[in-house]
Structure formats: structure tokens, C-alpha cells
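Colleague:
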Amino acid sequence: MNANQLAFIALGGLAFLGALGVVLIPNPVRAALALVVNFFVLGLLYFVLGSQMMGISQIMVYAGAIMVLFLFVIMMLKLDKKAEEVAPGDAWRKRFTWLIGAVIGGAIFGGVMLPLASITTRVNPPQNFGTPQAVGWSLFTTYVWPFEVISVLLLVGIVGSIMLAKRRF
Amino acid sequence: MLEVLPIASITRDVPITWFLGLGLAMFILGGIGVVTRRNPVIVFMCIELMLNAVNLTFLTFAAYGGSGINATPGGMAQAMNGQMMVIFVMAVAAAEVAVGLGIIMAIFRQKNDVDLDDMSTLRN
Amino acid sequence: MQSELYTIPSIDWSLVMPFIVVVITGVIGLLIEMFRPKQNNNAIVLVSLAGLAGAFALLIPQLGVTTTTTFAGMVLRDQFGVLLQLIIVAGAFLSLIFSEPYMKQRRIAHGEFYPMALWATSGAMLMVSSDNLLMIFVGLEVLSIALYCLAGLARDEQRSEEAALKYFLLGAFASAFLLYGIAFVYGITGSTSLAVFMETLARAPGINDLTVLFAITLLLVGFGFKTALVPFHQWTPDVYQGAPTNVTAFMSAVSKVAAFGAFARVLEASLPVQEFWMPALIVITILTMTVGNLAALVQKDVKRALGYSSIAHAGYVMVALLAYLQDPAKGSLGTVITYLAIYTFMTIGSFAVLSLTAVNKSEGTRYQDLYGLWNRAPLAAGCLVLFMVSLVGVPPTAGFLGKFQIFQDAMGAGLPLLAIALAINSFVSAYYYLQIVRAVFVDEEGALRVQSAPMNAGLRFALVICAVGVMPILFAPILSQGKQTVTLSKMIESGAFLQRPVASVPLNPEPGEKVEQITPSAPLSTVTGN
């Protein structure tokens, strides 16, 4: 067990707890805060993986902007006051879902991912692929077309959300 | 300098399976949440969790130069393929959040309630 | 960071011009909406239709040109993609043309409908004109996000908003699966390009089956949702019923064609590991046809029944696609394209007639609401009968031609099970289609109380085009030619690839050793001669 592994266990464990919180905590505000923890730690993990630009974006876009929007809607709709009541039969459905999820997850982990651990031949590991310069350069060269198309997507998002939420006039 | 982050030592010390496993756990947890929760905002948060699991998987493969099961070219080109995907997933998620929360607000304005199990106007 | 590492891709604008025209038209429509004279959408409608016609005109000359890519392999133009884009643009045109009178009756005063529909169309066009999963995903999201909003267009109606929410949550859920699949494709190949994926699978077949299987399964789940195949179809009837009828028409044609276009490319790229998914897809296809038709039998709402019918038709298209994938010599993508085109005309025409039932803010789409339509609007009723007959697949119509061709393909490709299931399902489906026909002619007392909107020019125009569209004569030449001209990409001959090179580069190279140049991610394959 070396420092890198300890660092991963600490960060990864925190991210896992955050994810668990989103699924388990009944109160929407607390669930959202658990999600913030998860997103923030993921940002740190992106740094660890060598992608600084994605780490910063993760913290600003997800942990910042997107979660603020979530909390804003939760507060505005006063969803935090209302706990989800449990319908009869719901508890069994939940247990069943957890069981299925655990089985599928275990099977995939054992079958698909564990075999990858033993493979250590790695071709030409990337150097500094996560710097803002590298990201910027490739956004405006190889990926320039999807980059332009994303503008259409954001336009659709803006117009669509205004169309759905604006007041009648 | 940003370039001195010890990425190489991370990929040497920590097996790729750990990162992939974390991603898988988050993905499955998100899926369970989508099925079991009844508040659409929380269901939506669980979907965001799944998208982030995907992003983590992309960046893991980018940093580790692929899964290693096939001889992939490696290097910058390959790492960029994954990392750019993450950027676009983030942009898509942002647009989805705007639209999704707009829909939830529109529903709330109609009936002052947004429980998924109470939605039953659409039936035969 | 030196700039020589990155090369600015060479750009051939003619490939993306139709897309750009559609997007810009949407922007112009939005600007007109901002400054329009009171509540009058006519200008927006005209501009939108002109834009779509322009895109159609730009696409026509691209038929039959050689396959090329541009924007560093992000955009691919081949015969398949151009044909599907033509269908998409035509479908969008037809569903926009009857929208205005319908929305006036429903009091949906949103001029934003037209720009959003145009952008959705542009997303669909992107989806079918790339073999890079990144572009397919981005196009899919442009299409889907626009459709989520459009499904909730009738903001005052609870069922419209519910449809939007269901569509949105399930659609985003499906996107997550699709993305996870793409992540593993990327992990296996180091690229999001389908050409590279296919090449990798062919070069080293059987390498870590489970990882490949996992990736393909996730992609199947994602596309299964989008194309409404059976275990993943639950959203379809709800959304079709709840969304405004013009949006339903749009979505039933455009999003289905786009999803099938992308799905075909993904499946073709996974051909080297065909044995993984072919049996599963055969089962799914049979289930899709059967469940779609059986569920449609018991519906009381026509829109909902047509929703289930669209699931069944997705099954028919899958039969054609699987026949092609099983044996490219016997099956043909021409059949897939033809059936999608025929289906576009049939389904948009049916929904266009249904849009007549909207009067004075409310809309009735149960069978009773069609009673006596023959007396009130003979042209619409006649066309509806024609479309229903074609949906069943009765001989003189194009629906028959398409189904017969699919049947032949499936038999020829050695999938008799699918062919038989298709035939049986066609008979079963006759029951509910003919019920709709019967409703049109019911002439009892109750029929007098049913109201319907007056006929209008746009609807008449759409109906005439759709009615012409189900004439078999139109598709016979495409079918006969399609066999030769339409292929996705060159089939990879097994054995043509070298053995997997052994990776021997050390784990920890010295810093600054070798940094590879960024190359276009889809340089190989994709070049097909006609």
C-alpha cells in the first residue's frame, strides 16, 4: 500500500459515499449536497488522472453551476419539506432492485473489469494530455465540428427551457 | 508548472480496475436510484451521477492508454479522444439540466406536486 | 505545446451545407418570432418550409457521389446517410406543413415550435451522417433535447407535460447507457470511431469477449430505447399519446429514421462479433413485432394504438436490417431505407388526419372521436383509409411492397423465423388498423355530436404528398437499384488483417520521449466505391 493507493482509497471512498447518499437520503436537499460531494471529489480524481482541465471544469460546471440549479429548483418548488412516503410493496421493490443491482454490478466487475487488472502492457502513455493548452488546441482542430455543433445544442437548451418555463404573455 | 503532476506514478501504482470499479459502482447506484426514487428531481440527479460515472470511465481509459486488451495506438491522440468526449458529455449534461428542470417546473405549476407515481393521465 | 502537433482539418463545406441551412433557418425563425406581428406564425412557417426545401435541394445532388469524410473524420457522406437525410428532411417538411392550423385549434401559441423542430431535424441529420460515436451522440442529444421540449409544447395540458417528463427521464437514462457503452468502445479501441472499432474487432476477434460483449450490450440498450425495441419501449405509447399530434408525427418519423440510421452503423461495425448479438437481436425483434401489435389491439385511444403500431414497425425495420447484417449479399440496406421512407409517409399521413380531431382547445383521439369523419372530411377520411391499408400491408400499396421485400430479404438471408413472425404479425395488425377504418365510417347518432376542425390547405397538401408517397410505383426503382448502390462501408474480409501486434513499449517512458501527433480519428475504411 503506497501513497498513491491511499490517496485513491480516500478520494474514491468519499465519492462512493456521496453516490450512496444521493440514492439513499430521503431529503432532496441533503441528497443534492451528497451529490455535490461526489462531483467535487470526482474533480479531484480527474486531477489525479492527469486531466487538470477536466478537473477544473468538473468543479466549476458540475459541482458549481449544475448543482446550484438543482438546489434552486428544489428550494423553489419547496420539495425539501416533503418526504417521500413509502407505499405498500415499495420496500420489497426497493430491496429487489438493490439485489439485482448488486448482482449485475458484481458480475460485471468480476467478468469485465478484473481481467483488465492483470494486463500491464501499455502503449505509449500520454503526456500532459489534460492541460488547458492541449484541450484548447484539439478543440479547435480535430474536434472543431462537434465543438460548433454543441452551440446548436446549447441554443436548443436555452430556447427550450424558456419555452417550457416562461410565463404566458 | 502544471506538467509535473505525477500521472505516470498513479497509473503505475493504482490498478485500472480500481478506477473502473468506482465508475461502475456509481453507474449502478445511479441506476438503482432511477428505479427506486419517486421524486423526479432526485431521479434526475441519479442520472447525472450515471453520466459522471461515464466521464470517470472515459478519463480512466484516457490516462491509462486504453483498457490494454487490444493494442491501441496510445499517446496523445488516444487520450484526447476520451477527454474530448468528456467535454461534450458535460455540455450535453448542462443543456439537459436546463431542459429537464424546465419540464419539472412546468409540471409543478400545473399541479403543485411532482411525484412520479402519481402521474397517470396517460393510459389506455 | 507546439502548434505542429495539431493540424487544422481540411473542410469540405458541401457535406455540411444542408445541416447549416437547416440550423440557420431555425435561427431566422426564432428572430422572426421575436419581432413578429401579433401571434401570426405564417412568416415563420414559410421560412421554415423554405429552409427545409433548400436543404432537400442541396442533398439531391449528393446522391450517388463517392463516399467522403471531412472535419477530421467527424462528418461522413455516403449514399446511406444522404438517403436517410432526405427522408428526415421530407418528414420534417410534412409534419411542419400541417402544424399551424392544428396548433391554432389547440391554442398552442408557440412560434418556437418551428425553430425547435428545425434544430431537432438538424440533430437527426447529424446522427445519420457520421460514423464517429461522438458525433452520433451529439446529434442524438440535439434531436432528443429538442424533442423533450416539443413533447411538452402544450403547456396547459397535464398529459403533455407528463409525456415530456417521462420522455425526458427515460431518454436521459438511455443516453447514460449509450454513453457507458461508448466509453467501453473507447477503452477497447482507443477511439470513438466506428471504423476503428470494426477494424479492431476484426483484427483481434475473440479478444476478451466479455469486455466487447459488455460494450455492445450497453450500446444495444441505448439504441433499443431510442428506436423503441421491446424491453425498452415503455415510453413510446405514453409519449405518443401525450405529445401534441404534430409533434407525435414529427417524432414518429424523424427520430425513428435517425435512430435506425445510427443503429445500423453501430451494428455493422460490430459485425465481426456477430455471434454475440445476432441471437439476442432476433429474439428482441420478434418480441418487438409481437408485443407492439398485441398491445395495440386493446387500445381505446388511436394515438396510443399508433404508438404501439410504431413499435411494431420498428420491429419490421429491424427484420430488414438483420437480414442485411446476416447476409449482405441477400439482404439489402435499400430495403431498410425504402421501408423507413414508406413508413414516414404512412405515419405522418395518419397523424395529420388525426390532427383534425382537435377543435377549440381540446382534442379527442379515441376511436369514437373519428366517428363520421367520412361525412365531414371525405378527403381526410379517404387518405386515412389508404394509410391504414398501407400500414397493414395490403397489396396495391407501398406498405405491401416494403413488407414483401423485407420478407424476401429475411427468407433469402436465412432468417425464416423472422420472416414468418413478420407475416403473422401483419395479419394480427390488420385487426386494429381496420378498426380505425371502421370508426371513420360509423354513421350513427353519436357521430353527429363529434366535431372536427375544418379542412385546411396545409393539411390537404400534406395528405396529398403522403398519399402519393404510399404509391408503390415510387419505390420500385429504389428497391431494384438499392441492392447495388447502398452499402455502409466495405465489408472487412476476415483474414485480411494481421495478427494483433504485441505491445512492448515500456510503461514509463522518459518524459518528453515521443508525443504522437493528433490524427483524424477516422482515417481508415469509409471509402466505398459504388
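Protein chains in written order, with our numbering: chain A, 1 to 169; chain B, 170 to 293; chain C, 294 to 823. C-beta atoms are modelled at their ideal positions from N, C-alpha and C, and glycine is treated no differently. This structure is a prediction, so every number in the text was calculated from the model and none was measured.
Beta carbons nearer than 8 Å to chain B: which residues of the stretch 435-452 of chain C have them?
Modeller: Residues passing the 8 Å Cβ filter: 438, 441, 442, 445, 448, 449, 451 and 452.
Colleague: Using the Cβ count rule (16 or more neighbours within 10 Å means buried), how would you classify residue 724 (chain C)?
Modeller: Exposed, by the Cβ-count rule.
Colleague: To which residues does DSSP link residue 369 (chain C) through a beta bridge?
Modeller: DSSP, once it has assigned bridges, lists C:362 as partnering residue 369 (chain C).
Colleague: Mapping DSSP to helix, strand and coil, what is residue 586 (chain C)?
Modeller: Residue 586 (chain C) falls in the helix class under three-state DSSP.
Colleague: Does the Cβ of residue 110 (chain A) have 16 or more other Cβ atoms within 10 Å, making it buried, or fewer, making it exposed?
Modeller: Flag for residue 110 (chain A) reads exposed.
Colleague: Find the residues of chain A that neighbour residue 299 (chain B), judging by a C-beta separation of less than 9 Å, and give them in chain order.
Modeller: Outside the displayed span of chain B (170 to 293) sits residue 299 (chain B), for which this structure offers no information.
Colleague: Any beta-carbon of chain F closer than 8 Å to the one on residue 275 (chain B)?
Modeller: The chain labelled as chain F is not found among the protein chains of the depicted structure, namely A, B and C.
Colleague: Which same chain residues end up closer than 7 Å to residue 40 (chain A) when comparing Cβ atoms and leaving out the 5 residues on each side of it in sequence?
Modeller: Closer than 7 Å at Cβ, skipping near neighbours: 59 and 63.
Colleague: Nearest to residue 682 (chain C) by CA position, among C:760, C:571 and C:377, is which residue?
Modeller: Taking only the C-alpha atoms, the option nearest residue 682 (chain C) is C:760.
Colleague: Can you find a CB in chain B that lies within less than 8 Å of the CB of residue 555 (chain C)?
Modeller: Residue 555 (chain C) does not count as touching chain B.
Colleague: Under 8 Å between the Cβ atoms of residue 138 (chain A) and residue 249 (chain B)?
Modeller: Cβ distance < 8 Å, so residue 138 (chain A) and residue 249 (chain B) count as in contact.
Colleague: Just list the alpha helix (DSSP H) runs in the stretch 663-731 of chain C, keeping only unbroken ones of 4 residues or longer that don't cross its boundaries, in chain order.
Modeller: Qualifying alpha helix (DSSP H) stretches, in chain order: 666-669, 671-685 and 691-705.
Colleague: Taking 8 Å as the CB-CB limit, is residue 458 (chain C) close to chain A?
Modeller: No, residue 458 (chain C) lies away from the interface with chain A (no Cβ there is under 8 Å from its Cβ).
Colleague: Tell me, please, which residues DSSP counts as bridged to residue 652 (chain C).
Modeller: C:655.
Colleague: Taking only three categories from DSSP, how would you classify residue 388 (chain C)?
Modeller: Residue 388 (chain C): helix per DSSP, three-state reduction.
Colleague: Between the stretch 539-556 of chain C and the stretch 478-485 of chain C, do three or more beta carbon pairs fall short of 8 Å?
Modeller: No, the stretch 539-556 of chain C does not touch the stretch 478-485 of chain C.
Colleague: Between residue 306 (chain C) and chain B, is any beta-carbon pair separated by less than 8 Å?
Modeller: No - not a single Cβ of chain B is within 8 Å of the one on residue 306 (chain C).
Colleague: Which residue wins for smallest C-alpha separation from residue 474 (chain C), given the options B:277, B:192 and B:182?
Modeller: Closest option to residue 474 (chain C), Cα to Cα, is B:192.
Colleague: Going along chain A, which residues have a C-beta under 8 Å from residue 729 (chain C)?
Modeller: Chain A residues near residue 729 (chain C): none, gap ~32 Å exceeds 8 Å.
Colleague: Taking only three categories from DSSP, how would you classify residue 838 (chain C)?
Modeller: The structure shown does not extend to residue 838 (chain C), since chain C spans only 294 to 823, so no value can be given for it.
Colleague: Across the stretch 692-700 of chain C and the stretch 560-578 of chain C, are there enough close Cβ pairs to call them in contact, namely three or more that are closer than 8 Å?
Modeller: Segments in contact, no.
Colleague: State the Cα-Cα distance for the pair residue 303 (chain C) and residue 365 (chain C), rounded to the nearest angstrom.
Modeller: One C-alpha to the other measures close to 7 Å.
Colleague: Can you pull out the residues from the stretch 479-493 of chain C whose beta carbon lies closer than 7 Å to at least one beta carbon of chain B?
Modeller: Answer set for the stretch 479-493 of chain C: 479, 480, 481, 482, 483, 484, 485 and 493.
Colleague: Any contact of the stretch 568-581 of chain C with the stretch 622-639 of chain C, i.e. 3+ C-beta pairs under 8 Å?
Modeller: Contact fails: fewer than three Cβ-Cβ distances are below 8 Å.
Colleague: Listed from N- to C-terminal order along the chain, which residues in the stretch 638-669 of chain C have their beta-carbon within a distance smaller than 8 Å of any beta-carbon of chain B?
Modeller: Result list empty, no residue passes.
Colleague: Are there three or more Cβ pairs, one per stretch, closer than 8 Å when the stretch 604-621 of chain C is compared with the stretch 749-758 of chain C?
Modeller: No: the two stretches stay apart, fewer than three of their Cβ pairs being nearer than 8 Å.
Colleague: Consult DSSP for residue 138 (chain A) and reduce its assignment to one of helix, strand or coil.
Modeller: Reduced to three states, the DSSP call for residue 138 (chain A) is helix.
Colleague: Output needed for residue 578 (chain C): all residues of its chain with C-beta closer than 7 Å, excluding positions within five of it in sequence on either side, in chain order.
Modeller: Closer than 7 Å at the Cβ level, and outside the excluded window around residue 578 (chain C), lie 608, 611, 612, 615 and 711.
Colleague: Going residue by residue through the stretch 239-277 of chain B, where are the continuous alpha helix (DSSP H) segments of at least 4 residues, counting only ones entirely within it?
Modeller: Within the stretch 239-277 of chain B, no complete alpha helix (DSSP H) run reaches 4 residues.
Colleague: Report the neighbours of residue 113 (chain A) on chain B: residues whose CB is nearer than 7 Å to its CB, in chain order.
Modeller: By Cβ distance, chain B contributes 186, 189, 190 and 193.
Colleague: Cα separation between residue 46 (chain A) and residue 57 (chain A)?
Modeller: If you take the alpha carbons of residue 46 (chain A) and residue 57 (chain A), they lie about 10 Å apart.
Colleague: Which word fits residue 520 (chain C), buried or exposed, when buried means at least 16 other C-beta atoms lie within 10 angstroms of its C-beta?
Modeller: Classification for residue 520 (chain C): buried.
Colleague: Counting only runs of 4+ residues fully inside the stretch 426-483 of chain C, write out the alpha helix (DSSP H) ranges in chain order.
Modeller: If we require 4 residues or more, the alpha helix (DSSP H) runs fully inside the stretch 426-483 of chain C come out as 426-444 and 451-482.
Colleague: Please classify residue 603 (chain C): does DSSP put it in a helix, a strand, or coil?
Modeller: Residue state, collapsed to three classes: helix.
Colleague: Using beta carbons (cut-off 8 Å, strictly below), is residue 299 (chain C) in contact with chain A?
Modeller: Chain A contact via Cβ: present.
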